[in-house]
Amino acid sequence: MSHYLYYPGCSMDGSGKAYGQSLDVVCDRLGIDLEEIDDWNCCGAFEYFAISQPRAYALVGRNLALAQQQRDGSDTLVAPCSACFLNLAKTDYTLRSDPALAGTVNAALDAGGLHYDPGSVQVRHLLEVIVREIGIDAVEGAVTQPLHGLRVAPYLGCLVTRPDYDRHWSLREHPHEFDQLLSALGADVVDFPLRTDCCGGHMTQISPDTGLELIRRLVDAADRLQADLLVTVCPMCQMNVDLYQAEMNHRFGTSYHMPILFFTQLMGLAFGAEPKQVGIGSEIVSARYALNRRHVRPFEAVAEDEPATPRRSRRSQALPMPRMPEPDEHPEVRS
Amino acid sequence: MIAPDTVRAPSPSTSFLREVIAAASTATRLQLCIQCGTCGGSCPSAADMDHTPRQLFAMVRAGMRDEVLRSNTPWMCLTCNLCVVRCPQEIRIPDVMAVLKSLADREGTTPGSAAPDFSRTFVSNIHRYGRSYEIGLVARHYLRHYPLRLPGMAPAGISMLAKGRMGFGIHRIRQIRELNAILDRASQLEARQ
Chain R
2 MSHYLYYPGC SMDGSGKAYG QSLDVVCDRL GIDLEEIDDW NCCGAFEYFA
52 ISQPRAYALV GRNLALAQQQ RDGSDTLVAP CSACFLNLAK TDYTLRSDPA
102 LAGTVNAALD AGGLHYDPGS VQVRHLLEVI VREIGIDAVE GAVTQPLHGL
152 RVAPYLGCLV TRPDYDRHWS LREHPHEFDQ LLSALGADVV DFPLRTDCCG
202 GHMTQISPDT GLELIRRLVD AADRLQADLL VTVCPMCQMN VDLYQAEMNH
252 RFGTSYHMPI LFFTQLMGLA FGAEPKQVGI GSEIVSARYA LNRRHVRPFE
302 AVAEDEPATP RRSRRSQALP MPRMPEPDEH PEVRS
Chain D
6 MIAPDTVRAP SPSTSFLREV IAAASTATRL QLCIQCGTCG GSCPSAADMD
56 HTPRQLFAMV RAGMRDEVLR SNTPWMCLTC NLCVVRCPQE IRIPDVMAVL
106 KSLADREGTT PGSAAPDFSR TFVSNIHRYG RSYEIGLVAR HYLRHYPLRL
156 PGMAPAGISM LAKGRMGFGI HRIRQIRELN AILDRASQLE ARQ
């Protein structure tokens, strides 16, 4: 049993509920024990840092201080949400390298009876823990129903491997670990060039022109590579691509149908869990058609789930993406 | 004999640069910018910015305080960190942008814009509950800034509710009073600096 401290983040029982449900299944099968930080607070997303630096660092510092208090056997703090992970990792790194700021933050934490020693907690993204500590071999060993034939586009998003303060990843723009993990599930992994591109973050709320265009690029690239679905490690990426896909289609006159699932949902399916157990069905752009078509799991009511026009409309006014080579053009690269 | 014409550049005031550096953590490294432009060339939202990050940093050095604090550039930053990993000087550009946002917010140079208002609402929810309150945040924000997007977003929003991905329930942390004490103390320390 691997024991870790756990910072779920606000979206895990809200918009990213399926992530939390499927994570339970994955932890159960892989023997991971996650101990939630007691009475944790919101990490402030990108919003608190836009209002005040010292207060934002103190806000995140409270979570690190609580984690330090709760250390027991493990000093690794796991965050499944990429934005929470970045804020926790950034705060720890910045306090380690700026003693004056660390002094200010600790003086503030003192008002709540807390203290944080920079570096006393190791902040890790969930993906990193699964890939590096649990190991891809252990994941492969737990697969009972491989996802053969399912074409997935691995979409990491920006914040897991960037800036990567302590250099844990092979590459920061095109890391290969996520692809390997999905291959271990038996899935057919497309070489997705936008794997660490930005989903737009909060731009769908504050500048829809910017946000919807970034979503279009991701969905368009996955569609051109004939992926059945996108796979993500971040609740914000999932929500942007899923919830705003209809508005994006409306804006650009397109008719994409590109589901996006959490990697833990696919892991759960490959480990033999029922789709409902891993939260499949809670996505707005239904993944059922894709999973049915590839015979990953039999679902009922296939016909009504089938999108009317699964492929891209030719009326699109948007600029095309640079064309990627078809898989069989360069068979030596990867199919 | 005529004295040769001399062109003397007015020496820019470095007080704004020093103000920005003082407000940022020392890990931010803004003073090391060599004006190469890799940041703007990498930025996915550069097309929607008033000034590219490189231009904005040149303006900070030139002491163009008002223009910088009125620019939409910091608010368009996605914090995707692509510029950070490509910057030859390893400047933490999104953190510089965050500092500029907080200065602009304090000066009130961004009236009526949706971006600072979103940040302020988000932050006030944290002070009230200690957690983010998605439905309250989104409902208020759309009614105020994007009423015309509401009809288009309604079906997806209703699905979110129906699928249990958004609820009206509010979770307030137990130690909300302690959290506010910490944030208040941080405010006092910030004001003293």
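Chains R and D, in that order, give the protein sequences.
240 is the number that my numbering gives to position 239 of the first sequence; each next residue is one higher, with no gaps.
68 is the number that my numbering gives to position 63 of the second sequence; each next residue is one higher, with no gaps.
Glycine included, C-beta positions come from ideal geometry on N, C-alpha and C.
Item to complete: Measure the CB-CB distance between T43/D and C85/D and report whether it falls below 8 angstroms.
Response: Within the second sequence, numbered from 1, the residue matching residue 43/D stands at position 38. Within the second sequence, numbered from 1, the residue matching residue 85/D stands at position 80. With contacts defined by Cβ atoms closer than 8 angstroms, T43/D and C85/D do not form a contacting pair.
Discussion item. Between which residues of its own chain and S47/D is the CB-CB distance below 8 angstroms, once the five residues before and five after are set aside?
Written reply: In the second sequence, the residue the question calls residue 47/D occupies position 42. Cβ within range, chain order: L87, C88, R91.
Worksheet item: Using Cβ-Cβ distances below 8 angstroms, what residues of the stretch 178-191 of chain D are close to chain R?
Response: Cβ contacts with chain R: I178, R179, Q180, E183, L184, A186, I187, L188, D189, R190, A191.
Worksheet item: Whole beta strand (DSSP E) runs in the stretch 76-160 of chain R with 3 or more residues, listed along the chain?
Response: Counting whole runs of 3 or more residues, the stretch 76-160 of chain R contains the beta strand (DSSP E) stretches 77-80, 123-126, 152-156.
Discussion item. Could you tell me the alpha carbon to alpha carbon distance between L110/R and R63/R, rounded to whole angstroms?
Written reply: Numbered from 1 along the first sequence, position 109 holds the residue referred to as residue 110/R. Numbered from 1 along the first sequence, position 62 holds the residue referred to as residue 63/R. C-alpha of L110/R to C-alpha of R63/R: approximately 7 angstroms in a straight line.
Practice prompt. Under 6 angstroms Cβ to Cβ from I178/D, same chain only, skipping five residues before and after it: list those, please.
Written response: Sequence index remark: in the second sequence, residue 178/D carries index 173 (1-based). Excluding residues up to 5 positions away in sequence, G135 lie with their Cβ nearer than 6 angstroms to the Cβ of I178/D in the same chain.
Item to complete: Tell me where the beta strand (DSSP E) around D25/R begins and ends.
Response: Position 24 of the first sequence, counted from the first residue, corresponds to residue 25/R. Premise fails: D25/R lies in the alpha helix (DSSP H), 18-31, not in any beta strand (DSSP E).
Worksheet item: Is the beta carbon of F263/R sitting closer than 8 angstroms to the one on A143/R?
Response: One-based indexing of the first sequence puts residue 263/R at position 262. One-based indexing of the first sequence puts residue 143/R at position 142. A distance of 8 angstroms or more separates the beta carbons of F263/R and A143/R.
Practice prompt. Could you tell me whether the Cβ of P311/R comes closer than 8 angstroms to any Cβ of chain D?
Written response: Residue 311/R sits at position 310 when you count from the first residue of the first sequence. Confidence at P311/R is low in this model, with a pLDDT of 48, below 50, so its placement is unreliable and no value can be given for it.
Worksheet item: Where does D40/R fall in DSSP's three states?
Response: Numbered from its first residue, the first sequence carries residue 40/R at position 39. D40/R falls in the coil class under three-state DSSP.
Practice prompt. Taking R295/R and L151/R to be in contact with their CB atoms under 8 angstroms, please state how far apart those CB atoms are, rounded to whole angstroms.
Written response: The residue given as residue 295/R occupies position 294 in the first sequence. The residue given as residue 151/R occupies position 150 in the first sequence. That pair is a contact at about 4 angstroms.
Discussion item. Please report whether the beta-carbon of Y117/R lies at a distance below 8 angstroms from any beta-carbon of chain D.
Written reply: As a working note, residue 117/R is residue 116 in the first sequence. No, because no Cβ of chain D sits closer than 8 angstroms to the Cβ of Y117/R.
Fill in: Neighbouring residues, chain R, relative to S76/D (Cβ below 9 angstroms)
Position 71 of the second sequence, counted from the start, is the residue given in the question as residue 76/D. Contact note: S76/D does not reach chain R at a C-beta cutoff of 9 angstroms; the least C-beta distance is about 14 angstroms.
Practice prompt. Starting from the C-beta of L22/D, find all residues in its chain whose C-beta is less than 6 angstroms away, skip the five residues before and the five after it, and write them out in chain order.
Written response: By one-based count along the second sequence, residue 22/D stands at place 17. Answer for L22/D: V65, R66, listed in chain order.
Worksheet item: Is any beta-carbon of chain D found at less than 8 angstroms from that of F50/R?
Response: For this step, residue 50/R is matched to residue 49 along the first sequence. Yes, F50/R lies at the interface with chain D (some Cβ there is under 8 angstroms from its Cβ).
Worksheet item: Which ranges does the alpha helix (DSSP H) cover as unbroken runs of at least 4 residues, wholly within the stretch 82-125 of chain D, from first to last along the chain?
Response: Here the runs fully enclosed are 87-91, 98-112.
Worksheet item: Between G15/R and N130/D, what straight-line distance do the alpha-carbon atoms span, to the nearest angstrom?
Response: The residue you call residue 15/R lines up with position 14 of the first sequence. The residue you call residue 130/D lines up with position 125 of the second sequence. Between G15/R and N130/D, the C-alpha separation is close to 15 angstroms.
Discussion item. 8 angstroms is my cut-off, CB to CB: does G45/D come that close to chain R?
Written reply: Along the second sequence, one-based indexing puts residue 45/D at 40. Contact of G45/D with chain R is not assigned, every C-beta pair being separated by 8 angstroms or more.
Worksheet item: Using the C-alpha atoms, what's the distance from H4/R back to S98/R?
Response: The count along the first sequence starts at 1 and reaches residue 98/R at position 97. The count along the first sequence starts at 1 and reaches residue 4/R at position 3. Whole-angstrom Cα-Cα distance: 28 angstroms.
Discussion item. So with CB distances below 9 angstroms, who are the chain R contacts of H146/D?
Written reply: Residue 146/D sits at position 141 when you count from the first residue of the second sequence. Chain R residues near H146/D: Q206, I207.
Worksheet item: When DSSP builds the beta bridges, which residues end up paired with V232/R?
Response: By one-based count along the first sequence, residue 232/R stands at place 231. DSSP lists P155/R, L262/R as partners of V232/R.
Item to complete: Please check if any C-beta of chain D sits within less than 8 angstroms of the C-beta of L102/R.
Response: Taking the first residue of the first sequence as position 1, residue 102/R is located at position 101. Answer yes: the Cβ-Cβ gap between L102/R and chain D drops below 8 angstroms somewhere.
Worksheet entry | C-alpha gap between T265/R and R75/D, whole angstroms | As a first step, residue 265/R is located in the first sequence; it is residue number 264 there, counting from the start. As a first step, residue 75/D is located in the second sequence; it is residue number 70 there, counting from the start. Their backbone Cα atoms lie some 43 angstroms apart in a straight line.
Item to complete: Please confirm if H126/R has its CB atom under 8 angstroms from at least one CB of chain D.
Response: One-based indexing of the first sequence puts residue 126/R at position 125. Residue contact check for H126/R against chain D: no CB pair falls below 8 angstroms.
Discussion item. Assuming D29/R and L67/R are in contact, meaning their beta carbons sit under 8 angstroms apart, how far apart are those beta carbons, in whole angstroms?
Written reply: Counting from one through the first sequence, the residue named residue 29/R turns up at place 28. Counting from one through the first sequence, the residue named residue 67/R turns up at place 66. 26 angstroms between Cβ atoms; not a contact.
Discussion item. For G158/R and T233/R, which I take to be in contact (beta-carbon distance under 8 angstroms), what is that distance rounded to the nearest angstrom?
Written reply: Position 157 of the first sequence holds residue 158/R. Position 232 of the first sequence holds residue 233/R. At roughly 6 angstroms, the Cβ-Cβ gap stays under 8 angstroms, so G158/R and T233/R are in contact.
Discussion item. To the nearest angstrom, how far is the alpha carbon of E195/D from that of P55/R?
Written reply: Along the second sequence, one-based indexing puts residue 195/D at 190. Along the first sequence, one-based indexing puts residue 55/R at 54. Separation of E195/D and P55/R (C-alpha to C-alpha, rounded to the nearest whole angstrom) is 7 angstroms.
Discussion item. Let me see if you follow: with CB-CB separation under 8 angstroms, is E301/R close to chain D or not?
Written reply: As a first step, residue 301/R must be located in the first sequence, where it is residue number 300. Caution applies to E301/R, whose pLDDT of 49 falls short of 50 and renders its modelled position unreliable; the value that the coordinates give is listed next. Put simply, the CB of E301/R is far from chain D, with every gap to its CB atoms at 8 angstroms or more.
Worksheet entry | A84/R and V124/R closer than 8 angstroms at C-beta | If you number the first sequence from 1, residue 84/R lands on position 83. If you number the first sequence from 1, residue 124/R lands on position 123. In this structure, V124/R does not lie closer than 8 angstroms to A84/R by Cβ.
Worksheet item: Exposed or buried, what is I163/D when buried is set at 16 or more other beta-carbons lying within 10 Å of its beta-carbon?
Response: Stepping through the second sequence from its first residue, residue 163/D is reached at position 158. Exposed, because fewer than 16 other Cβ atoms sit within 10 Å of the Cβ of I163/D.
Practice prompt. Mark K91/R as exposed unless 16 or more other C-beta atoms lie within 10 angstroms of its C-beta, in which case mark it buried.
Written response: Stepping through the first sequence from its first residue, residue 91/R is reached at position 90. Around the beta carbon of K91/R, 16 or more other beta carbons sit within 10 angstroms, so the residue counts as buried.
Fill in: Residues that Y7/R bridges to, as DSSP identifies them
If you number the first sequence from 1, residue 7/R lands on position 6. DSSP, once it has assigned bridges, lists E37/R, V79/R as partnering Y7/R.
Discussion item. For L184/D, tell me which candidate among H258/R, Y58/R, N250/R has the shortest Cα-Cα distance.
Written reply: Here residue 184/D corresponds to residue number 179 of the second sequence, with the count starting at 1. When each option's Cα is compared against that of L184/D, the closest is Y58/R.
Discussion item. Please tell me whether N107/R has its Cβ less than 8 angstroms away from any Cβ of chain D.
Written reply: Looking up residue 107/R in the first sequence gives position 106. With respect to chain D, the C-beta atom of N107/R has no partner C-beta closer than 8 angstroms.
Worksheet entry | CA-to-CA distance, Q239/R to A302/R, given in whole angstroms | Translated into the one-based positions of the first sequence, residue 302/R becomes position 301. Translated into the one-based positions of the first sequence, residue 239/R becomes position 238. Low confidence applies here, because A302/R scores a pLDDT of 41, under 50, leaving its location unreliable; read the following figure in that light. A302/R and Q239/R: Cα-Cα distance of roughly 25 angstroms.
Worksheet item: Looking at the unbroken alpha helix (DSSP H) that takes in R149/D, where does it start and where does it end?
Response: As a first step, residue 149/D is located in the second sequence; it is residue number 144 there, counting from the start. Residues 139-150.
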